[in-house]
Structure formats: C-alpha cells, structure tokens
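For reference, the structure discussed in these notes is given below.
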Amino acid sequence: MKRTAAVIMFLAVMIFSVGAFAQQKDMKMKGDDQSSGKATLTGELVDMGCYTSMGAKGADHKSCALKCIKGGMPMGLLTSDGNLYLLTMSHDNADPYNNAKTMAADQVSVTGPTFVKNGIKTLEVDEIKDLTMSSK
Numbered sequence: 151m152k153r154t155a156a157v158i159m160f161l162a163v164m165i166f167s168v169g170a171f172a173q174q175k176d177m178k179m180k181g182d183d184q185s186s187g188k189a190t191l192t193g194e195l196v197d198m199g200c201y202t203s204m205g206a207k208g209a210d211h212k213s214c215a216l217k218c219i220k221g222g223m224p225m226g227l228l229t230s231d232g233n234l235y236l237l238t239m240s241h242d243n244a245d246p247y248n249n250a251k252t253m254a255a256d257q258v259s260v261t262g263p264t265f266v267k268n269g270i271k272t273l274e275v276d277e278i279k280d281l282t283m284s285s286k
C-alpha cells in the first residue's frame with residue numbers, strides 16, 4: 151500500500167513538473183524578443199565601450215573611437231532621442247557593417263531590421279550612409 155502511494159505521488163510530481171516546465175518554456179518563447187521590422191535610423195556612430203563607460207562621443211572622441219572599433223570594440227548608433235542600438239552585421243552582406251567601422255563619431259543613416267532581446271536594442275546594418283561626409 152505504501153509502495154502504491156509512493157508511485158502515485160511520484161507520478162503526480164512528474165506530471166506537475168512537466169506541465170510547469172512546458173509553461174515556462176512557452177513563456178520564454180513569448181518573452182521580450184521583439185522585431186519591429188526594417189527601419190532607417192539616424193544618429194552618431196559610437197564605440198560602445200567608451201560611450202557606455204564614459205559617455206565619450208563626438209568629434210573630440212573620433213580618433214579614440216576609430217582605434218577602439220578597429221581593435222574589435224562593438225559599434226552602436228546613438229539616435230537624437232537618446233536611444234542606443236548595438237550594430238550587428240548582416241550574414242548576407244558584411245560590407246555595409248565593415249564600412250561603418252570607418253565612420254566613428256560621424257552622423258550616419260543606417261537601414262536594417264531592428265530587434266530587442268533581453269532589453270538590448272540591435273540594428274542589423276543592411277545599408278549605411280555617412281551623413282557627415284555628404285554635408286561637407
């Protein structure tokens with residue numbers, strides 16, 4: 151009798167655990183992953199390390215930003231309304247992303263899909279235009 155009760159209790163716990171796990175997995179999939187489709191955003195191209203740690207940006211920081219980005223520091227786009235997007239490379243065409251590496255501290259226009267994952271905003275670089283160069 152005790153053995154039967156133990157088996158029933160074990161099965162009940164297993165069924166509950168599987169149900170809870172399935173619900174948790176479903177909630178994760180619905181999480182905060184968001185894609186707002188393709189967008190064109192403008193702002194300053196910053197190196198993420200110096201900007202997030204010291205607020206460094208602008209023409210006075212250009213040479214440092216170029217050096218940091220060349221060394222592998224991630225790039226970001228700081229929009230005029232204060233939003234910061236981590237720039238990511240398109241798997242289909244890496245050229246626009248690689249071209250962006252020369253545009254640190256410049257005003258740029260970036261087109262590509264945007265995503266939010268765990269609170270991090272990203273913008274995949276499908277196209278980039280240096281607005282600083284075109285205004286000179």
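In my numbering, the protein residues as written are 151 to 286.
By construction, the Cβ of each residue, glycine as well, lies at the ideal position given by its N, Cα and C atoms.
Note that this is a predicted model, so its numbers are computed, not measured.
Short of 6 Å from the beta carbon of Q184, and not among the five residues preceding or following it, lie these beta carbons of its own chain, in chain order: V266. At a Cβ-Cβ threshold of 8 Å, L236 and T272 count as neighbours. With contacts defined as CB atoms closer than 8 Å, M253 and G226 fail to qualify as a contacting pair. Bounds of the beta strand (DSSP E) holding M225 are M225 to T229. Sequence-distant Cβ neighbours of K220 in its own chain, meaning closer than 8 Å and more than five residues away, are K251.
Shown here, A254 sits in coil according to DSSP, grouped into three states, outside any helix or strand.
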